[in-house]
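*Asks:* Residue numbers (the numbering used here): 21 to 194.
The beta carbon of each residue, even a glycine, is placed where N, CA and C say it ideally should be.
First the structure, which I've put down as structure tokens, then a few questions once you've had a look.
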Amino acid sequence: MGCLNMVKIYSYIVLFSLLFSVDYESEIQPIFNNHCGNCHLGNSAGGLNLSNYDNVILSGSIVAGDHAASELYQRLILPESSNQDMPPAGALTQVQIDLIADWIDEGALSEEVSCSVDLGDVNGDGLLNVLDVVSLAQLVLGNGSIAFECAADYNDDDLINVLDIVSIVNAILG
């Protein structure tokens, strides 16, 4: 494979790199504060209190891991012509709705979960080796998944991309 082809492949990898998980406190709660506060921060209209993480989870409006089954999400995507759409003062942006859906699908966690394996050990076998590189490359190319995505951001830039692959290879080669 020629050098130009490798550059193209690496360019595609960088372009399609994946972002890490959604953080409730810095990304989700501000949406609730700014767009739902008039009715659901302390007032608990309809029995829904969005003032903090515990109240959101206790409301029963979230089905962790399944945004489509979550009433909160369903209300966000109703047409504005519906009398049950939320928020009533105007719809959230699609980016905000997608962010809430991603947070719910990731388990509706209050904070990022610490990783149970060593950095770079994306298959969780306790070793940092070529199998981790292959698994990570497949993920970055969109052709696979890994057991421990939390271990994939080897260079700690909040992206999973070719730079992590290169960093792991360098660590293996010493």
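So does the segment 158-167 actually touch the segment 104-122, counting three or more Cβ pairs closer than 8 Å?
*Replies:* The segment 158-167 is not in contact with the segment 104-122.
*Asks:* To test your reading of the DSSP string, which unbroken alpha helix (DSSP H) runs of 4 or more residues are found completely within the segment 91-157?
*Replies:* For the segment 91-157, whole alpha helix (DSSP H) runs of length 4 or above, ordered along the chain, are 91-97, 114-125.
*Asks:* Considering just the uninterrupted stretch of the alpha helix (DSSP H) at PHE52, what are its terminal residues?
*Replies:* In the sequence shown, the residue the question calls residue 52 occupies position 32. That run of the alpha helix (DSSP H) goes 49-55.
*Asks:* Measuring alpha carbon to alpha carbon, tell me which of VAL150, ALA191, PRO107, ASN181 ends up nearest LEU70.
*Replies:* As a working mapping, residue 70 is identified with position 50 in the sequence shown. Closest option to LEU70, Cα to Cα, is PRO107.
*Asks:* Alpha carbon to alpha carbon, how far is ASP112 from HIS55?
*Replies:* Locating residue 112 in the sequence shown gives position 92, where the first residue counts as 1. Locating residue 55 in the sequence shown gives position 35, where the first residue counts as 1. Going by the sequence as given, residue 112 is Leu instead of Asp. So the alpha carbons of these two residues sit roughly 8 Å apart.
*Asks:* Assuming TRP123 and ILE77 make a contact with CB atoms under 8 Å, what is their CB distance in whole Å?
*Replies:* Within the sequence shown, numbered from 1, the residue matching residue 123 stands at position 103. Within the sequence shown, numbered from 1, the residue matching residue 77 stands at position 57. So it is not a contact: roughly 12 Å between Cβ atoms.
*Asks:* By how many angstroms is the C-alpha of ALA65 removed from the C-alpha of GLY57?
*Replies:* Stepping through the sequence shown from its first residue, residue 57 is reached at position 37. Stepping through the sequence shown from its first residue, residue 65 is reached at position 45. Roughly 10 Å separates the two Cα atoms.
*Asks:* In its own chain, which residues sit with a C-beta less than 7 Å from the C-beta of ASP174, not counting the 5 before and 5 after it?
*Replies:* As a position in the sequence shown, residue 174 is number 154, starting the count at 1. In the sequence on display, residue 174 carries Tyr and not Asp. LEU139, GLY140, ASP184, SER187, ILE188.
*Asks:* Span of the alpha helix (DSSP H) holding ASN72?
*Replies:* Counting from 1 along the sequence shown, the entry for residue 72 is found at position 52. Per DSSP, ASN72 belongs to no alpha helix (DSSP H) and is neither H nor E.
*Asks:* So what's ILE82 in DSSP terms, helix, strand or just coil?
*Replies:* Mapped onto the sequence shown, residue 82 falls at position 62. Three-state result, ILE82: coil.
*Asks:* When the Cα atoms are used, what is the spatial distance from ASP86 to ALA128?
*Replies:* The count along the sequence shown starts at 1 and reaches residue 86 at position 66. The count along the sequence shown starts at 1 and reaches residue 128 at position 108. Taking the straight line from one Cα to the other gives about 9 Å.
*Asks:* Find the nearest neighbour of PHE52 within the set TYR93, VAL182, ASP125, judged by alpha-carbon distance.
*Replies:* On the sequence shown, position 32 is the one that residue 52 refers to. The shortest Cα separation from PHE52 among TYR93, VAL182, ASP125 belongs to TYR93.
*Asks:* State yes or no: is the C-beta of ASP142 within less than 7 Å of the C-beta of ALA171?
*Replies:* Counting from 1 along the sequence shown, the entry for residue 142 is found at position 122. Counting from 1 along the sequence shown, the entry for residue 171 is found at position 151. Note that residue 142 is Val in the sequence shown, not Asp. Yes, they are a contact pair.
*Asks:* Between CYS56 and the ligand HEM, is the CB less than 6 Å from at least one heavy atom?
*Replies:* Looking at this structure, you won't find the ligand HEM or any other ligand, since it has none at all.
*Asks:* Excluding sequence positions up to five away, which residues of its chain have a Cβ less than 7 Å from the Cβ of LEU68?
*Replies:* Counted from its first residue, the sequence shown places residue 68 at position 48. Only HIS60, SER79, SER81 meet the Cβ criterion.
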